[in-house]
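Student:
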Amino acid sequence: MRFQHLSFCVALASIPLVLASCADATFVVEDLGNNSNIIQDRLPGTTFKGGSGTSDSGSGDGTGGDGAATPDPSTNPTSITLSDNAGVYPLYPDKGSFRVSLGGARLGIAALSSVRSNSILLPLQVGWSGGGASYGTQAAGAPAAASPPSSFEARMVERVSKMDLSAPIPRYRIQAGTVEVGQIRRFAVPDSDRENTYSSVDAKAVYVDNRAGAGRFVIWVDPRDEVIFSSQAKLTALADVISSRIYPKDTALFGADPTLDDNAKAGDGRRIAMDDDYIHFLFSRQVDNGTATEMGNGILGFFWWPDLTNTSKSNRSKLLYIASSLMSRSESDVYGTIAHELQHLLFSCHRVKQVGLLAHQGEFGPLIWLNEGLSMLAMFENGYGPEGSNPSPSMFLQIRRFLSAPWTYSLTDFLNQGPAGDDSAYGMAALYLQYVRNRLGDGAIRSFHTLDNGGRADEVDLADRVMRTKGSTMAGLFADFGAAVALDGSPVFDLLPASQRTRYGIDGVTLQRKTYDIPGVKLTERTLNGPSVSSGSNLSLKPYSLSFLQRMSPTGLDVSGVSGTGYGTRLILQK
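42 is the number of the first residue of the sequence shown in this note's numbering; add one for each residue after it.
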């Protein structure tokens, strides 16, 4: 899928999570909220206040804990006087409009997340009372009418959903040594700008890895673009990085290519169309409609799922398309793109083996957020994250874009978002999957590829099932992620016990108080200052989205205008 913007259940109620900080006390409280499947969890030595109950410390491992208590969600506090250094209060907007009078507080923050599994925008009005400026989130308004898919990723999702997969896939027998350098092969290259349009490219094999076993690949080049490999050293360096770094790292994290051992033995519905067992890399100007050295529409590379099927125009190959002009860009863009796209190929190969071709067709669109997030994770793994050995400018700018307006992005609604509506949630997905790996480990990451959940066409079912095997849930982990976005790199994070920093930090990036030296990024864009506080007093929350608002010396908080459920609201007060 597009790497420039970086390229490819069940409804759960919300999980409030609260944070607080002061000069000599910092604590985190996760409360039950509206989800009876999540257990309240607190740091040792902290106090939970909310509803009609108060309880003291429990474990803080993120999976529920001893002494965990269920707050009463039937009432909201009407008055809070902060006598301790800090206090955390769960609020329940779905119970109706209410006002909270505050006393003794210097700072208030409410972080809101919607964990509904549909696209409905729920209106909520939140505003601080008292003198001075008021902070909320984006302006209210009716949800915009759905617009036609605009991005290449969106068009791919739509095209995949409409494909006729009735043609049987012949059995395949692994063949060795079937491609030689200098060989010509005709490929049908999908046009990224025009639907159902293909160009024929008679590409030449310029490098062939014919090793026995895993990892065999061919590098093909469009004859018009052979200048990109005019140096044999450049071609050899590319092949070496693929064989010695990217392929081993991607397969170690996500699982070995499942087509090598059992594609011929797979049942009819779980077989992949492939004429040989190579992975093919096709470099062509047709990928981005550009030239050999000049970018066209900004697409650096993509994986085309129909090539694994027996449909018309399928290349019947494990094939990745790379823009020829990519070779004129930085090494981090070149290798980051390949690592990113290889994950997409592995993901689909694994999912077809687990749930079948038809079921994977149905889950392909709903799981686009997970698929893209895993490809961003592949970039982290290969050293192209912000604090990696060779950071990718594209990844860094996507993370920065998400932090600049987090409330405009939904993790699971993924496509065509952002302040201008023309971006996808790559930065958010990159941070979330890196966070999930930190919390649940590599086994969970592999399970996203290999768990057989029946191929349910649901945004969160697969992720939630995997997370439950690790003692967590999609909703609970997303609530913790919202806290990590607010805390990572902040002075509050520095005060957390070492045992809690994994839970509320994100490896490979520092989201606050850091300026990065990343070539290709403007000096004015190299700083991360944490998530922006949104402006206005009305919320229209998307599924699995985050908003943050704060106010110095508030005297009260007004909450109104909500209909339905699905909000998690945490009020954090500090003296």
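C-beta atoms are modelled at their ideal positions from N, C-alpha and C, and glycine is treated no differently. Small disclaimer: the values here were computed from a predicted structure and weren't measured.
(1) Which residue's Cα is closest to the Cα of I379: P299, I547, F322, S142?
(2) Pick out whichever of S531, G523, T453, R567 has its Cα sitting closest to the Cα of A466.
(3) Here's a check: name, in chain order, each residue in its chain whose Cβ is nearer than 8 angstroms to the Cβ of L276, leaving out the five neighbours to either side.
(4) So is S353 buried or exposed if we call it buried at 16+ other beta carbons inside 10 Å?
(5) If you drop the 5 nearest sequence neighbours on each side, which residues of the same chain put their C-beta closer than 7 angstroms to that of Y239?
(6) I'd like the list of long-range same chain contacts for T568, defined as Cβ closer than 8 angstroms, with 5 residues on each side in sequence excluded.
(7) Can you tell me which of the three DSSP states W410 falls into?
(8) Which value, in whole angstroms, describes the spacing of the CA atoms of S207 and L411?
(9) Determine the direct distance from the alpha carbon of S272 to that of P584, and round the result to whole angstroms.
(10) What does DSSP give as the partner residue(s) for Y6 in the beta ladder?
(11) Considering K203, what are the terminal residues of the alpha helix (DSSP H) in which it resides?
(12) Determine the DSSP secondary structure at I440, reduced to helix, strand or coil.
(13) Quick one: Cα of G397 to Cα of T596, how far?
(14) Going by C-alpha to C-alpha distance, which of F589, E194, V201 sits closest to P447?
(15) Return the Cβ separation of F405 and W345 in integer angstroms, given the expectation that the two are a contact with Cβ distance under 8 angstroms.
(16) At which residues does the alpha helix (DSSP H) containing M515 begin and terminate?
(17) Report yes if the C-beta distance between I559 and F437 is below 7 angstroms; otherwise report no.
(18) Rounded to the nearest angstrom, what separates R252 and D316 at their Cα positions?
(19) Just to confirm before moving on: does the CB-CB distance between A137 and D599 stay below 7 angstroms?
(20) How is the beta strand (DSSP E) around L598 delimited, first residue to last?
(21) Using the three-state DSSP reduction, which class does S100 fall into: helix, strand or coil?
(22) Can you find the residues in the same chain that come closer than 7 angstroms, C-beta to C-beta, to S601, ignoring five residues on each side of it along the sequence?
(23) Examine chain B for any beta-carbon lying closer than 7 angstroms to the beta-carbon of L415, and answer yes or no.
(24) Enumerate, from N- to C-terminal direction, the unbroken beta strand (DSSP E) stretches of 3 or more residues contained entirely within the segment 341-423.
(25) Among the residues of its own chain, which have a CB less than 6 angstroms from the CB of F421, if the five just before and after it don't count?
(26) Run through the DSSP bridge pairs and tell me what F324 is partnered with.
(27) Going by DSSP, what residue range makes up the beta strand (DSSP E) through M593?
(28) Along the chain, where does the beta strand (DSSP E) that runs through F139 open and close?
(29) Tell me the rounded alpha-carbon separation between P209 and H401.
(30) Hey, how far is the Cα of G223 from the Cα of K245?
(31) I need the DSSP call for A466, collapsed to helix, strand or coil.
(32) In the DSSP assignment, the beta strand (DSSP E) including S120 goes from what residue to what residue?
(33) Anyone know if the C-beta pair for V507 and A471 falls short of 7 angstroms?
(34) Would you mind reading off the limits of the alpha helix (DSSP H) that contains M336?
(35) Taking only the alpha-carbon atoms, compute the straight-line gap between N494 and I121 and give it to the nearest angstrom.
Tutor: Taking the geometry as given:
(1) Here residue 379 refers to the residue found at position 338 when the sequence shown is read from its first residue. Scanning P299, I547, F322, S142 for the CA closest to the CA of I379 turns up F322.
(2) The count along the sequence shown starts at 1 and reaches residue 466 at position 425. For the residues S531, G523, T453, R567, the minimum Cα distance to A466 belongs to T453.
(3) Taking the sequence shown and counting its residues from 1, the one referred to as residue 276 is at position 235. The answer, listed in chain order, is V247, Y248, I260, F270.
(4) Here residue 353 refers to the residue found at position 312 when the sequence shown is read from its first residue. Exposed, by the Cβ-count rule.
(5) On the sequence shown, position 198 is the one that residue 239 refers to. Taking C-beta separations shorter than 7 angstroms and ignoring five residues to either side along the sequence, the partners of Y239 in its chain run A229, V230, P231, D232, K354, following chain order.
(6) Within the sequence shown, the letter at position 527 stands for residue 568. Correct list, in chain order: K555, T556, Y557.
(7) Position 369 of the sequence shown, counting from 1, holds the residue named residue 410. For W410, the secondary structure class from DSSP, reduced to helix, strand or coil, is helix.
(8) For this step, residue 207 is matched to residue 166 along the sequence shown. For this step, residue 411 is matched to residue 370 along the sequence shown. Distance between the alpha carbons of S207 and L411 is about 27 angstroms.
(9) In the sequence shown, counting from the first residue as 1, residue 584 sits at position 543. In the sequence shown, counting from the first residue as 1, residue 272 sits at position 231. If I take the Cα positions, the gap works out to 49 angstroms.
(10) Outside the shown range of the chain, which is 42 to 616, sits residue 6, and nothing can be said about it.
(11) Position 162 of the sequence shown holds residue 203. Where K203 is concerned, the enclosing alpha helix (DSSP H) stretches over 193-203.
(12) To locate residue 440, count along the sequence shown from 1; it is residue 399. In the structure shown, I440 sits in a helix (DSSP, three-state: H, G or I).
(13) Within the sequence shown, numbered from 1, the residue matching residue 397 stands at position 356. Within the sequence shown, numbered from 1, the residue matching residue 596 stands at position 555. Their backbone Cα atoms lie some 58 angstroms apart in a straight line.
(14) Locating residue 447 in the sequence shown gives position 406, counting from the first residue. Measuring from the Cα of P447, the nearest candidate turns out to be F589.
(15) As a first step, residue 405 must be located in the sequence shown, where it is residue number 364. As a first step, residue 345 must be located in the sequence shown, where it is residue number 304. Incorrect: roughly 12 angstroms between the Cβ atoms, too far for contact.
(16) The residue given as residue 515 occupies position 474 in the sequence shown. 515-528 is the extent of the alpha helix (DSSP H) around M515.
(17) Numbered from 1 along the sequence shown, position 518 holds the residue referred to as residue 559. Numbered from 1 along the sequence shown, position 396 holds the residue referred to as residue 437. Yes, these two residues count as a Cβ contact at 7 angstroms.
(18) Position 211 of the sequence shown, counted from the start, is the residue given in the question as residue 252. Position 275 of the sequence shown, counted from the start, is the residue given in the question as residue 316. Rounded to whole angstroms, R252 to D316 spans 18 angstroms at the Cα level.
(19) Taking the first residue of the sequence shown as position 1, residue 137 is located at position 96. Taking the first residue of the sequence shown as position 1, residue 599 is located at position 558. Here residue 137 turns out to be Gly, not Ala, going by the sequence shown. Not a contact, by the Cβ cut-off of 7 angstroms.
(20) The residue labelled residue 598 in the question sits at position 557 within the sequence shown. Here the beta strand (DSSP E) through L598 covers 597-601.
(21) Mapped onto the sequence shown, residue 100 falls at position 59. Only weak support exists for where S100 lies, its pLDDT of 27 falling under 50; the coordinates are left without a value.
(22) Counting from one through the sequence shown, the residue named residue 601 turns up at place 560. For S601, where only same-chain residues beyond five positions count, the Cβ hits under 7 angstroms are S138, Q166.
(23) Among the chains of the structure shown, chain B does not appear; only one protein chain is present.
(24) The segment 341-423 contains these whole beta strand (DSSP E) runs: 342-344, 359-364.
(25) Counting from 1 along the sequence shown, the entry for residue 421 is found at position 380. Correct list, in chain order: Q475, G549.
(26) In the sequence shown, counting from the first residue as 1, residue 324 sits at position 283. Bridge partners of F324: V262, I363.
(27) Within the sequence shown, residue 593 is the residue found at index 552, counting from 1. Start and end: 586-593.
(28) Counting from one through the sequence shown, the residue named residue 139 turns up at place 98. Start and end: 139-144.
(29) The residue given as residue 209 occupies position 168 in the sequence shown. The residue given as residue 401 occupies position 360 in the sequence shown. Near 16 angstroms, if we compare the C-alpha coordinates of H401 and P209.
(30) What you label residue 223 is simply residue 182 of the sequence shown in a count that begins at 1. What you label residue 245 is simply residue 204 of the sequence shown in a count that begins at 1. For G223 and K245, the distance between alpha carbons rounds to 6 angstroms.
(31) Residue mapping note: residue 466 aligns to position 425 of the sequence shown, counting from 1. For A466, the secondary structure class from DSSP, reduced to helix, strand or coil, is coil.
(32) Start at 1 with the first residue of the sequence shown, and residue 120 comes out as number 79. 120-122 is the extent of the beta strand (DSSP E) around S120.
(33) Position 466 of the sequence shown, counting from 1, holds the residue named residue 507. Position 430 of the sequence shown, counting from 1, holds the residue named residue 471. The answer is no: Cβ separation not under 7 angstroms.
(34) For the purposes of this step, residue 336 is identified with residue 295 of the sequence shown, where counting begins at 1. Looking at the DSSP string, M336 is not in any alpha helix (DSSP H), and its letter there is neither H nor E.
(35) Locating residue 494 in the sequence shown gives position 453, counting from the first residue. Locating residue 121 in the sequence shown gives position 80, counting from the first residue. N494 and I121: Cα-Cα distance of roughly 46 angstroms.
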